[in-house]
Amino acid sequence: MANLNNLPESEDISSGKNDFPIHIFPKDLQEIMNEYHKVLNFNYDYMGLTILVAISLAMGSFYKLQVKKKWIEFGVLWGALVGKAGINKSAPLSVFLEPFREFDKLNYEKYKIELYEYNIQIFKKKGKPKNTEDHELNSNDVMPIALSQPKRKQFLISDFTPEALSVAHEDNPSGIAIYSDELLTWINNFGRYSKSGEEQFYLSIWSSKDININRRNSPHIYISNPFINVIGTIQPEKLVDTFGKGRDSSGFTHRILFAFPDSIIREDLSDLDVPDIYIKAYQNLIEGLLTKRTSKFGKSGIESTILEFDKAGYEKFKEWRNKNNQRINKGTNDDLGGIYSKLEIYLLRFALLLQVIEDECNKKDCTQIQLKAVESAIDLIKYFEITAIKVSKLISKYNDPLANYSMDKRIVYTALPTEFSTCKGKEIATKFNMPERTFFDFLNDDYLFEKQRHGYYFKKV
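Numbered per the numbering used here, the sequence shown finishes at 463, counting up by one with no gaps.
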């Protein structure tokens, strides 16, 4: 495993400070976040990630970024708010997803009315359906009348089977979000209903690969470019069981954005309350984006708007990508390589989201991904890179710490005593044909070694 503390192009990782970069948001959003922090002690990391997922859901598949021909990125985000029990992780989720719950409530009431009217039409040749007050159906009385069954419009889904998720998305093709207050519940349900490779199903939909489900007794499902967000909370001590155990090596864990503050202090309750102007401003932002992809009652919007980089934005992305490629190509750790490769995808998605947010707040049409959005996306990536590595470290503590090292390094490390001098270490390395230069480079890996004093080292794992 490569050194996780001194990574190339990651100079901030070992500084011990990793604040969420709220400057990436427009001033209006920053003011809203500052107010909730002041009045309700909301953590900026939790607010920032939740707002990003909310904005992503609001714009759905209406916007997409074309990097090259056949290279298209949508704004799909998967996020986890990490923190100990009782530190107010769920409250930011509740507040900043509230507009969607309100829409879902309205849409459900409308759906019940439409379903009732549909049932009336189905049964009209047989007379009034039974139990009409409760909208209950007797499937034996169904008449083969050519009518379109109402579809329930919704944004958030919490308790579902994989097939139900696909049906819900088919009814809401512009995008939905899995909202699981405890992400452990969602992941523990993998394989609960079938053994058909549910984890692989989610790996595919993160990449917006088409959903194609053939069902024996129901209509088949086909969804092109699925758009399914994920957001929820998890406690640090549950990270290993949830995102370790092979999910890090499969790439599943690398698809998660972690809001993982170093510490949170619970403060006394403020006597103030959040002014309505801030609540309304956030609601207006979400509604403004939703009107571009859907009406208030869930009718489908128009085709996706394809955005491209302007020249400066594209050059900045290429510059960052070249540096990221060097890290991946020079790296010896598959876990870090997986993190870096997914960060590239997220950089594109962030640039798309941040441009859309900026233009929506400024009441402008979104036409190009500009330099400012790319630079802000890079700042955001730095934050999530550090939290991803933080999670990787936690998982690595419970895995084989030498699993990703070459055999010669595994052998030498095992042969070294817990404490040793440079002279003794060189002697053991020579015994196993490891070149002196390689051995000294190996000693610089402070994931495995700690320098106690000049010429003396201690094995850390």
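Beta carbons: idealized from backbone N, C-alpha and C, even for Gly.
Validate contact between the segment 226-234 and the segment 48-62 using beta carbons, cut 8 angstroms, 3 pairs: yes
Touch test, the segment 278-286 against the segment 410-421, Cβ-Cβ under 8 angstroms, three pairs minimum: With a cut-off of 8 angstroms, the segment 410-421 and the segment 278-286 do not count as touching, because too few Cβ pairs lie within range.
Residue closest to L42, alpha-carbon to alpha-carbon, out of S252, F245, D270, S63: D270
Sequence-distant residues of its chain with Cβ nearer than 6 angstroms to Y342 (five each side left out): Closer than 6 angstroms at the Cβ level, and outside the excluded window around Y342, lie N326, R329, I330.
Helix, strand or coil at A60 [DSSP, three-state]: helix
Three or more C-beta pairs below 8 angstroms linking the segment 370-389 and the segment 259-273: They touch, by the three-pair rule.
Heavy atom of the ligand GTP within 7 angstroms of E111 beta-carbon: Among the ligands in the structure shown, none appear at all, so the ligand GTP cannot be discussed.
Contact set for E362: own chain, Cβ-Cβ below 7 angstroms, skip 5 residues either direction: Closer than 7 angstroms at Cβ, skipping near neighbours: L287, G290, L291.
Chain-order list of residues whose beta-carbon lies under 6 angstroms from that of H256 (same chain, five-residue window excluded): G340, I341, K344
Spatial neighbours of A314 in its chain, beta-carbon cut-off 6 angstroms, leaving aside the 5 residues before and after: Only L373 meet the Cβ criterion.
Check whether D1 and I397 have beta carbons under 8 angstroms apart: Nothing in the structure corresponds to residue 1, since the chain is present only between 3 and 463.
Among L186, I26, D367, nearest to K240 - alpha-carbon criterion: L186
Inter-residue spacing [alpha-carbon to alpha-carbon] between E111 and L149: 20 angstroms
Burial state of I308, where buried means 16 or more other Cβ atoms lie within 10 Å: exposed
At least 3 beta-carbon pairs within less than 8 angstroms: the segment 105-120 vs the segment 166-173: Output reads no: the segment 166-173 does not touch the segment 105-120.
As assigned by DSSP and simplified to three states, the class of E305: Coil.
Cβ-Cβ separation, L445 to K462 (assumed contact under 8 angstroms), whole Å: Actually they are not in contact, since the Cβ atoms of K462 and L445 sit about 12 angstroms apart, beyond 8 angstroms.
Contacts around F102, its chain only, beta-carbon distance under 7 angstroms, and the 5 residues preceding and following it disregarded: L59, F157, L158
Those runs of the alpha helix (DSSP H) which lie wholly inside the segment 44-126 and span at least 4 residues: 46-61, 92-98, 100-125
When F442, A390, I26 are compared against G254, the one with the closest alpha-carbon: At residue 254 the sequence reads Phe, which differs from the Gly that was named. Measuring from the Cα of F254, the nearest candidate turns out to be A390.
Buried/exposed call for R217, threshold 16 Cβ in 10 Å: Per the 10 Å Cβ criterion, exposed.
Closest Cα partner of F162 within the set S252, Q32, Y181, R455: Y181
For F105 and M35, the rounded distance between their alpha carbons: 22 angstroms
Range covered by the alpha helix (DSSP H) that runs through K318: 313-332
Cβ-based neighbour list, I380, same chain, cut-off 7 angstroms, excluding 5 preceding and 5 following: So the qualifying residues of the chain are W322, L349.
E2 - containing alpha helix (DSSP H), residue span: The displayed coordinates of the chain run from 3 to 463. Any statement about residue 2 would go beyond what the structure contains.
Residues near I24 by beta carbon distance below 7 angstroms, same chain, minus five either side: Q32, M35, Y46, G50
Test item: CB-CB of Q357 and I347 under 8 angstroms: No.
Buried versus exposed, by CB contacts within 10 Å (16 or more), A431: buried
Check whether V69 and W208 have beta carbons under 8 angstroms apart: no
Where K301 falls, given that 16 or more other Cβ within 10 Å makes a residue buried: Note on K301: pLDDT 46, under 50, position unreliable in the model; the coordinate value appears next. Per the 10 Å Cβ criterion, exposed.
Residue burial classification, S378 (beta-carbon count within 10 angstroms, cutoff 16): buried
Check whether K320 and V376 have beta carbons under 8 angstroms apart: no
Whole-angstrom distance between S63 and K294, CA atom to CA atom: 10 angstroms
Distance between beta carbons of K155 and Y113, contact taken as under 8 angstroms: 7 angstroms
Neighbour-count burial assignment, G88, 16 or more Cβ in a 10 Å radius: exposed
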